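Below is one structure; the comments refer to it alone.
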Amino acid sequence: MNRMRWVGEGDIWDLDMSTPVTLEGTARAVPDDPLPLGLSRGTRLSRPKQVEFFHRFMASPLIPSFSPIRPNTGDGGGGGFSLQRVLTLPFSNNWLVSLLGQFDVQRFVTEIDKTKAFGRGSSSTVASRLNTIGKHLKDKSLYALGFCSEFLLSPDDTLLLSYDAYKGDLDKNPRAKAIFNHEFPLHNLTAEAVWPGLFVDKHGEYWDVPLSMAIDLASLPAESGPSYHLCLHHNSGSPKKLHSDTMEVPPPSLLPGLSLKSAVSYRTNMDLWRGTTPKLETCKPYDVFLSSPHVAVSGIIGMISFFNLFQKHFIVKTESFVISLISFVQLLSFEFSNSNI
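Sequential numbering from 0 applies to the sequence shown in numbering that gives the first Met the number 0.
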């Protein structure tokens, strides 16, 4: 049933997508243009945490990253093949700071090949070549630095701040984000501000919105009963295509304005059969769901409303959805044990 709810929300809400085109590593789907479900990701899994996991548990000192998008101008992010490394500084139990560095390997190799010391038929000495390599390693435009700070304000409140800089310049075209999460007893509240906000459409084109803010309130998922979800989103500034100087028409949902999306649904489950044979503590299956074999029928019915205010044009749209009579069959598990062996 959780998978069915995930599929339903993938077509309704603007899920995040992992992307290598920026150091922060996330992009939001263009509203009303949902991404394929397999491209979505968890909203609380930051890029520094991913890199740190590889450092600690996969014995990987450097994490490779590849982006097919390279900038046409000298500003913005990078592209091609690069290497990343994170440094984590746990100042206290409630405060974690991480520094994520990136080195543009592909551009470095390209610049080296252009020099005379590494050209065909070159008679340069080893010292001359090493001097050329060291000179290019000092080029600040090959580096990107990301700062991320996570605060545990209380057992129910978290705050994440991130700031990314490219081309070795902290003031030129930075990317910043602030996310606040609060857990109510039966609800989750998320407030987010991103400047510029990175969006991606179904064609794989990336768009920058100068300022994007959102407030999201959702009831916690339950096995059965009513639930609701509210999202207030605001865009400010004229969107433009990432790493492009040409003026192109952006998706209408990215234009400056205010939008409200709400959904109310009712969910119910009915067991057709459920096994009652107790499981042995010493013979538990590898999958916890196999511990309770059953056959069930689940259904969700609800309504979604959209209120958009773009450039003094007010748009109201209401849709209903029904996901019903979806059979969820849990395969039976058989355990064989012999106390004489």
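We treat Cβ as the ideally placed atom computed from N, Cα and C, and that holds for glycine. Note that the structure is a prediction, hence the values are computed from the model and not measured.
Element boundaries [alpha helix (DSSP H), containing residue i]
| i | result |
| --- | --- |
| N93 | Segment: none, N93 is in no alpha helix (DSSP H) and carries neither H nor E. |
| A126 | V125 to L136 |
| E23 | Premise fails: E23 is in no alpha helix (DSSP H) and is neither H nor E. |
| F179 | Taken as a continuous stretch (DSSP letters only), F179 belongs to no alpha helix (DSSP H), being part of the beta strand (DSSP E) at R174 to E182. |
Those residues which DSSP pairs with residue i across a bridge
| i | result |
| --- | --- |
| L231 | I214 and L259 |
| S59 | S59 is not bridged to any residue. |
| P89 | L95 |
| S226 | S264 |
| H293 | R273 |
| Q101 | Q83 and A143 |
| E149 | L95 and L159 |
| K201 | According to DSSP, K201 bridges with nothing at all. |
| K240 | W206 |
| S66 | G79 |
Range covered by the beta strand (DSSP E) that runs through residue i
| i | result |
| --- | --- |
| T189 | H186 to W194 |
| V208 | Y205 to V208 |
| D156 | D156 to Y165 |
| D15 | D15 to S17 |
Burial state of residue i, where buried means 16 or more other Cβ atoms lie within 10 Å
| i | result |
| --- | --- |
| A262 | buried |
| D103 | buried |
| L14 | buried |
| A164 | buried |
| P184 | exposed |
| P225 | exposed |
| T18 | buried |
| V125 | exposed |
| L86 | exposed |
| G133 | exposed |
| S161 | buried |
| V248 | exposed |
| A28 | buried |
| V108 | exposed |
| A26 | buried |
| H21 | One detail in the question is off: residue 21 reads as Thr in this sequence, not His. Looking at its Cβ environment, which holds 16 or more other Cβ atoms inside 10 Å, T21 is buried. |
| L44 | exposed |
| R341 | Residue 341 lies beyond the stretch modelled for the chain, which goes from 0 to 340, so this question has no answer here. |
| S258 | buried |
| L344 | Because the chain here runs from 0 to 340, residue 344 falls outside it and cannot be looked at. |
| L219 | exposed |
| L271 | exposed |
| K260 | buried |
| G59 | In the sequence as displayed, the identity of residue 59 is Ser instead of Gly. By the 10 Å Cβ count, S59 comes out exposed. |
| K422 | Residue 422 is absent from the structure shown; the chain starts at 0 and stops at 340. |
| S264 | buried |
| R46 | buried |
Option in the options with minimal Cα separation from residue i
| i | options | result |
| --- | --- | --- |
| T245 | P19, L254, S235 and W206 | W206 |
| G24 | V208, T267, R273 and Q49 | Q49 |
| L253 | M16, R27, M302 and V208 | V208 |
| H293 | M302, G274, Q83 and N307 | G274 |
| L129 | V193, A143 and I111 | I111 |
| L99 | S64, I132, V125 and F107 | S64 |
| Y142 | G298, P30 and L82 | L82 |
| A295 | M269, K134, C230 and P220 | M269 |
| E222 | T114, P47, F305 and G298 | G298 |
| N234 | P250, H242, G256 and Q101 | G256 |
| Q105 | S127, L88 and F80 | F80 |
| M16 | L197, L259, I300 and L241 | L197 |
| N172 | R46, E182, P195 and L152 | P195 |
| K176 | A192, F305 and E182 | A192 |
| R266 | L308, L241, Y227 and H242 | Y227 |
| S211 | L229, A190, P220 and L219 | A190 |
| P67 | L241, I300 and L308 | L241 |
| P251 | S237, S127 and K166 | S237 |
| P30 | I62, S127, L152 and H232 | H232 |
| S306 | S243, C230, I300 and K239 | In the sequence on display, residue 306 carries Phe and not Ser. The shortest C-alpha separation from F306 is found at C230. |
| Q101 | S153, F90, S127 and L61 | L61 |
| L152 | S304, M302, F179 and K166 | F179 |
- Query: Does the region 150–158 come close enough to the region 131–139 to have 3 or more Cβ pairs within less than 8 Å?
  - Reply: no
- Assess, as a yes-or-no matter, whether the region 214–221 is touched by the region 194–202 under the definition of 3 or more beta carbon pairs within less than 8 Å. no
- Task: Answer yes if the region 91–100 comes into contact with the region 147–154, meaning at least three C-beta pairs across the two stretches below 8 Å, and no otherwise.
- Result: yes
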